[in-house]
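For the sequence shown, my numbering begins at 19 and goes up steadily by one.
Glycine residues also receive a C-beta, built at the ideal position from the N, C-alpha and C atoms.
Note that the structure is a prediction, hence the values are computed from the model and not measured.
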Amino acid sequence: MTPERWALVRAAVERARKSRWYARTLAATRLDEPADFARLPFTRKADVTEASPFELLAVPPAHAWHYHESSGTTGKPVSTWCGLAELTRMASTIVDAVPELGADQAMLLNRFPSFAPVHFLMEEVLRRTGRCHIAAGSMSWDVPFGRALEFMRQLPVSVLATLPFEMVLLREAGRELGIDVVRECRSLKAVLLGGAVLPPAFKRWIADAWQVRVVEIYGSNETMLLAIGCPEGGLHLATDLFEHEVLDPAAMTPVPVGSPGVLTITSLVHEVMPLVRYVTGDLVEMSPTPCACGRSTPTIRVLGRATEMIEMRGRVITPADLVDACYEFVASVGARVFFIVILKRGLEVLVETTAEKPATTALEEVRLANRLGVPVTVQWLPDGDVFDRTALFRTPKIYKPGQVSDWRGEGRKTITVMEALLEWPKFGLGTLGGIVKREIKNARRRKKLAATDRG
Ligand SMILES: [Zn+2]
Numbered sequence: 019m020t021p022e023r024w025a026l027v028r029a030a031v032e033r034a035r036k037s038r039w040y041a042r043t044l045a046a047t048r049l050d051e052p053a054d055f056a057r058l059p060f061t062r063k064a065d066v067t068e069a070s071p072f073e074l075l076a077v078p079p080a081h082a083w084h085y086h087e088s089s090g091t092t093g094k095p096v097s098t099w100c101g102l103a104e105l106t107r108m109a110s111t112i113v114d115a116v117p118e119l120g121a122d123q124a125m126l127l128n129r130f131p132s133f134a135p136v137h138f139l140m141e142e143v144l145r146r147t148g149r150c151h152i153a154a155g156s157m158s159w160d161v162p163f164g165r166a167l168e169f170m171r172q173l174p175v176s177v178l179a180t181l182p183f184e185m186v187l188l189r190e191a192g193r194e195l196g197i198d199v200v201r202e203c204r205s206l207k208a209v210l211l212g213g214a215v216l217p218p219a220f221k222r223w224i225a226d227a228w229q230v231r232v233v234e235i236y237g238s239n240e241t242m243l244l245a246i247g248c249p250e251g252g253l254h255l256a257t258d259l260f261e262h263e264v265l266d267p268a269a270m271t272p273v274p275v276g277s278p279g280v281l282t283i284t285s286l287v288h289e290v291m292p293l294v295r296y297v298t299g300d301l302v303e304m305s306p307t308p309c310a311c312g313r314s315t316p317t318i319r320v321l322g323r324a325t326e327m328i329e330m331r332g333r334v335i336t337p338a339d340l341v342d343a344c345y346e347f348v349a350s351v352g353a354r355v356f357f358i359v360i361l362k363r364g365l366e367v368l369v370e371t372t373a374e375k376p377a378t379t380a381l382e383e384v385r386l387a388n389r390l391g392v393p394v395t396v397q398w399l400p401d402g403d404v405f406d407r408t409a410l411f412r413t414p415k416i417y418k419p420g421q422v423s424d425w426r427g428e429g430r431k432t433i434t435v436m437e438a439l440l441e442w443p444k445f446g447l448g449t450l451g452g453i454v455k456r457e458i459k460n461a462r463r464r465k466k467l468a469a470t471d472r473g
């Protein structure tokens, strides 16, 4: 650690002590020399949950610029607070890394859910570049998939920010509506994807399917921005925002560069909810070689949550490996949508195909199983069995809450508050029949899978 860096770390830990949590947990600790840092206690996700809503807050609540909540595994909400100054710092890091966001004609369709801090980080990015921001958070009924596609068709949207898998859903929704996304969303130049693993084969799949540049953004609600992709495809750690450690998940001691370890961070610039040695729970691997882009910050590969590693038959498969192998597989057989079920006996991959089972896939199936090193069964299913695209358009319509309904004209004739608020889609007999048929099929398939996985 350079003397300048050490000064930053010390100042950051001092700031953290302003919160009730760190005032207590760091009370008996010293920070006289860099070696002391590695003796500071860790902060874990469970601590953040326990400390919610106020214990980790280092400023009065009203001085935080944003408050967010997510539901924890225990059901208790996990609180995260963020300041405007730190949000601005993070936004600058993104502006520097993604030139498309500062382009003269930049227009961002922000599909990150509006209850997630990253949505507001993206908004701040556009505030800095002075370009157009479209707030259209996914996972809500306000802007369903069809409407998001319409935005991209009608407006010169040049960047889309969203969860990686949404790129698959949007493309399939387009197919259902008869929209060729490459031809009709022609302004789209880049997609900024985060919130889930994005291994190379998945990245390639999205880049090919959409003909865009794919940029990865990595972080979490608690830490916000941790790393951002560069034009060369490297995922650079935002070392100006955090001090990082990559630790062995069991011993919690540093692993050599290039080996997987849990990313643990200490906020350097965050003043509202600073974290000290926060164990993100994500397994990452630092690259031993510098990135081709010339930036000096280290690059990482995110392998997935340490708790979501798949241990099977003496092998450990990371979520990133699993997704990567499956996208490589579907790309090699020309399929588009799949679903993975992890069973005791191995993996079952349900793959949708428009044709009958493709004739020449045996080799690819063997290659997939060999790569993952566990038994893999592939089920070839007809179009719509893995992903009922029509369901994307059966979301309810939501209106402004009200208590007056004028029945005299052509408008909706409602008689309760809930009716006025929500309009459920009307199901014809055909749709209902389709849903019932699908339910029966799925129940049978589920029962069969469970039956073959006893013992
Ligand atoms: Zn780079």
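heavy atom of ligand 1 below 7 Å from residue i C-beta
i, result
"cysteine 311", "yes"
"threonine 317", "yes"
"cysteine 248", "yes"
"histidine 262", "no"
"glycine 252", "yes"
Reference residue i; option with closest CA among the options
i, options, result
"glutamate 194", "Phe130, Arg426, Phe138, Arg412", "Arg412"
"alanine 256", "Pro21, Leu439, Ala115, Thr67", "Ala115"
"threonine 408", "Ile453, Arg35, Thr47", "Ile453"
"leucine 187", "Leu206, Glu118, Leu167, Ser176", "Leu167"
"threonine 147", "Ala124, Lys418, Pro131, Gly101", "Ala124"
"arginine 23", "Thr449, Leu281, Glu261", "Glu261"
"glycine 312", "Met330, Gly252, Glu326, Cys150", "Gly252"
"glycine 155", "Thr336, Ser132, Val175, Glu234", "Ser132"
"leucine 439", "Asn460, Gln421, Ala380", "Gln421"
Bounding residues of the beta strand (DSSP E) (the contiguous stretch that carries residue i)
i, result
"tyrosine 236", "231-238"
"isoleucine 433", "Premise fails: isoleucine 433 is in no beta strand (DSSP E) and is neither H nor E."
"aspartate 475", "It is not possible to answer for residue 475, since the shown part of the chain is limited to 19 through 473."
"valine 31", "Element bounds for valine 31: not the beta strand (DSSP E) but the alpha helix (DSSP H), 21-34."
"proline 52", "Proline 52 -> not in any beta strand (DSSP E); alpha helix (DSSP H) instead, spanning 52-55."
"glycine 322", "318-323"
"proline 278", "278-285"
"methionine 330", "328-330"
"leucine 178", "177-180"
Between the CA atoms of residue j and residue i - distance to the nearest angstrom
i, j, result
"glutamate 370", "proline 400", "6 Å"
"methionine 304", "asparagine 128", "29 Å"
"isoleucine 360", "isoleucine 433", "47 Å"
"arginine 426", "glutamate 441", "19 Å"
"aspartate 258", "leucine 26", "10 Å"
"valine 273", "arginine 295", "16 Å"
"tryptophan 398", "valine 341", "18 Å"
"arginine 354", "lysine 207", "22 Å"
"alanine 64", "proline 71", "13 Å"
"alanine 338", "asparagine 388", "16 Å"
"serine 89", "methionine 157", "15 Å"
"phenylalanine 130", "alanine 153", "9 Å"
"proline 218", "proline 267", "24 Å"
Bounding residues of the alpha helix (DSSP H) (the contiguous stretch that carries residue i)
i, result
"glycine 452", "447-469"
"glycine 164", "163-172"
"valine 42", "The sequence given here places arginine at residue 42; valine does not occur at that position. Counting along the chain, the alpha helix (DSSP H) containing arginine 42 begins and ends at 38-43."
Discussion item. Restricting to runs no shorter than 4 residues, where is the alpha helix (DSSP H) found entirely within the stretch 62-138?
Written reply: 63-69, 102-115
Practice prompt. Would you list, in sequence order, the uninterrupted beta strand (DSSP E) runs of no fewer than 3 residues that lie entirely inside the stretch 348-401?
Written response: 356-360, 365-371, 394-400
Discussion item. Please give me, in chain order, every unbroken run of the beta strand (DSSP E) with length at least 3 that falls completely inside the stretch 190-267.
Written reply: 208-211, 231-238, 242-247, 253-255, 260-265
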